Structures are given as C-alpha cells and as structure tokens.
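When you number the sequence shown by the numbering used here, it's gap-free, plus one each residue, and the end is 627.
Okay, so here's the structure we're looking at.
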Amino acid sequence: MFSYRHAFHAGSHADILKHLTLIHLVEYLQEKLGALTIVDTHAGAGIYSLTDGFATVSKEADGGIFRLIKYADQCKASGIGIGIQNYLDCIQADNTAEQITLYPGSPFILARMLRPQDRLKLFELHPKEIDILRHNVNQLKQVKQIDVYAEDSFARLKGLLPPPSRRGLVLIDPSYEDKQDYRYLETAMAEALERFATGCYAIWYPILSRRESASLPDRMKKIAASHKRSWLHTELRVENAPGERRLQASGMFVINPPWTLEKHLSEALPTLVKALSLDSGAEYLLKSFEAKP
Ligand code: SAM
335 MFSYRHAFHA GSHADILKHL TLIHLVEYLQ EKLGALTIVD THAGAGIYSL TDGFATVSKE
395 ADGGIFRLIK YADQCKASGI GIGIQNYLDC IQADNTAEQI TLYPGSPFIL ARMLRPQDRL
455 KLFELHPKEI DILRHNVNQL KQVKQIDVYA EDSFARLKGL LPPPSRRGLV LIDPSYEDKQ
515 DYRYLETAMA EALERFATGC YAIWYPILSR RESASLPDRM KKIAASHKRS WLHTELRVEN
575 APGERRLQAS GMFVINPPWT LEKHLSEALP TLVKALSLDS GAEYLLKSFE AKP
C-alpha cells in the first residue's frame with residue numbers, strides 16, 4: 335500500500351481518456367445554473383511536472399499527451415475535433431504557449447472549471463501526496479471553493495451524498511494498488527446510489543489480466559440495473575502486446591451519463607486511437623444503456 339504515485343503516470347493515454355471524459359461531464363452539468371458539487375475521491379497530487387521527478391522516469395506522457403499534441407499539430411489544417419481540442423486547451427492552461435512542462439491532474443482540471451456557485455471535494459490518503467495536494471491547491475484562486483480531506487473516500491463518500499443542491503458529479507479513480515479496491519468500489523457505488531440515485535458517477539479502471547479488472551464493467555452494470563440507472567462504458571486500447579507489463583488499455587464506466595456523452599466520445603475515440611496507437615491492436619469500445627424510468 336502507498337507505493338502508487340500518480341506522477342509516474344501523469345499525461346498517459348489513460349489520463350487522456352479519463353480527463354477528456356471528465357471535462358465533458360462538467361461542461362454538460364454546468365449548462366444549468368444550479369450549484370454543482372464535484373467529489374474527486376482519489377485526487378493524487380493535483381498537478382505534475384513532466385520535466386523532472388517521477389514522470390521523467392516512466393515517460394508515460396511520451397505515449398500520451400506529447401503524442402497527442404504532435405498529432406494535433408499534424409491536423410492543424412482540418413482541426414482535431416472540438417472534444418479533443420477542449421481537452422488540450424485545459425492542459426495548455428497550466429503551461430506556456432511554447433512548451434508543455436506541467437500536467438494538471440483531475441483536481442486542477444476540475445478546480446479551473448468551477449463557477450462561483452460550485453464546490454469541489456478532494457480526497458487523498460497517501461501521506462506525501464496529501465501534503466503536495468494541499469500545497470498545490472493553496473496556489474489556486476478557487477481555493478475557497480475546495481475542501482481537501484486526508485481520509486478514506488470509500489468510507490466517506492456516502493456521507494457527502496446527496497449534495498445540498500442535489501446536483502453532483504463523482505469521479506472515482508482508485509489506483510487499484512490494493513486488490514480490495516475493486517470490492518470497496520462496489521460497496522461505495524451501491525451505497526452512493528442508495529443515497530443519491532440521480533448523481534453522475536464516473537469510474538476509471540485499468541484493463542489488466544486480473545479477474546477483478548475484467549469483471550468490473552459487468553459488476554457496475556449490475557449495480558446500475560438494480561437502481562434502474564443508465565450507463566455508458568468506454569475503453570481505449572493503445573496496443574495489444576501480451577506479456578508486456580505496461581498499461582495498454584483503460585476504461586471509464588459512467589452511471590447516469592449525460593445524453594451528449596456518447597456522441598462526444600464517438601467523435602473523439604477514433605482520433606485518439608489514430609493518434610496514440612502503438613500497434614495494430616489499438617482500438618476503442620463504446621457502449622451504453624438507457625434505463626426506462
Ligand atoms: N484522480 C487523479 C488524476 O486524475 O489526476 C489521479 C489519482 S491516482 C490514480 C489515485 C490516488 O488515490 C493516489 O494518489 C492514492 O494515494 C489515492 N488513494 C488510494 N486509496 C485511497 C482512498 N481509499 N481514499 C482516498 N485516496 C486514496
């Protein structure tokens with residue numbers, strides 16, 4: 335426990351899928367004026383250097399954000415599509431025009447999107463990450479709208495639901511370092527839907543050979559069905575190299591997705607596959623289910 339540091343993975347293909355989806359969810363939910371409460375259950379450090387420290391060891395941004403920016407440059411004449419462009423603009427906001435040296439994690443992406451009426455709640459358990467997160471959040475002009483908790487979010491989530499305005503987005507992005515995270519996630523999701531069935535829940539997961547990871551989407555479908563909730567399931571694979579230990583694919587499972595999300599992803603995913611593919615095994619998946627009221 336606690337060997338996971340997100341800086342090793344900042345700006346990877348998995349971050350791209352997660353953050354591109356997240357940005358669209360916030361944009362959609364902010365179409366209404368009512369206050370939005372966003373809970374980021376697994377926050378990490380908030381923002382990461384891509385030029386020194388852990389990120390330079392793993393170099394995952396090379397196959398992720400840097401590769402995507404290069405591809406976007408090649409498509410300058412025709413444009414890369416509004417969804418990916420919005421995502422790139424968000425990343426660019428923390429950087430100079432000339433160079434990408436910082437990668438904003440979900441807390442920074444979300445913080446910068448807050449309107450005055452919105453609130454952001456961040457959870458982080460790692461003893462070092464929580465200090466870095468607090469330090470980083472204190473630099474933000476939105477700091478007064480943000481609560482940072484050094485607590486186990488799986489245990490605390492239900493206590494925050496429903497939010498006072500009954501408009502909420504929950505990002506659940508565990509490291510799955512502890513195999514039990516899959517079980518904790520299920521319990522937390524069942525409890526969360528019990529208390530706040532209409533909330534929007536976005537769950538990220540790695541696609542690994544382990545049984546718990548392979549069965550996660552079906553388990554989430556079951557939980558959504560037992561509460562008569564709609565869902566959207568998407569995956570992005572950048573390579574198919576059996577035996578390689580690096581992460582080759584990841585997924586997002588969204589409960590109560592906005593009706594616009596499927597179209598948004600159906601436009602972005604083919605481009606992401608083209609931009610990020612490392613071999614012919616690159617592909618995406620996009621499925622959804624609309625629950626009848
Ligand atoms: N959401 C971040 C982003 O997109 O930039 C990345 C988060 S990283 C995948 C997962 C984080 O969750 C790690 O920093 C880890 O220390 C933290 N964590 C693990 N278990 C936790 C728990 N039960 N409650 C809160 N944080 C936890």
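For every residue, glycine included, the Cβ atom is placed at its ideal position computed from N, Cα and C.
Every value quoted in this text rests on a predicted model; they were computed, and no experiment measured them.
Residue i: first and last residue of the uninterrupted alpha helix (DSSP H) it sits in
i	result
F530	Unbroken run through F530: none, as it is neither H nor E.
S630	The displayed coordinates of the chain run from 335 to 627. Any statement about residue 630 would go beyond what the structure contains.
D512	Premise fails: D512 is in no alpha helix (DSSP H) and is neither H nor E.
H469	461 to 472
E569	Note, E569: premise wrong, no alpha helix (DSSP H); beta strand (DSSP E) at 565 to 571.
Where the beta strand (DSSP E) containing residue i begins and where it ends
i	result
P540	534 to 540
I589	583 to 589
L456	453 to 457
K556	Element bounds for K556: not the beta strand (DSSP E) but the alpha helix (DSSP H), 545 to 560.
E617	617 to 623
I480	480 to 483
Contact set for residue i: own chain, Cβ-Cβ below 8 Å, skip 5 residues either direction
i	result
L356	S440, I443, L444, L505, A536
L327	Given a span of 335 to 627 for the chain in the structure shown, any question on residue 327 remains unanswerable.
A389	A341, F342, A344, G345, Y382, S383, A395, Y437
T521	F488
Own chain partners of residue i with C-beta closer than 7 Å, once the 5 adjacent residues on each side are dropped
i	result
T605	I414, G415, I418
A609	R401, L402, Y405
Y518	F488
N429	T435, L436
Integer-rounded CB distance, given that residue j should sit under 8 Å from residue i
i	j	result
L454	D374	7 Å
P566	L595	The sequence as given places Leu at residue 566; Pro does not occur at that position. Correct: roughly 6 Å between the Cβ atoms.
L570	S584	6 Å
Q476	L448	5 Å
H347	G398	5 Å
L503	L367	Not really, about 16 Å apart at Cβ, beyond 8 Å.
Neighbourhood of residue i by C-beta, 6 Å cutoff - its chain only, sequence neighbours within 5 removed
i	result
P591	L566
L474	A445
R339	F388
L599	T568, L620
Could you name each continuous beta strand (DSSP E) segment of 3 residues or more that falls completely within the segment 339 to 398, going from the start of the chain to the end?
-> Correct list: 371 to 374, 381 to 383.
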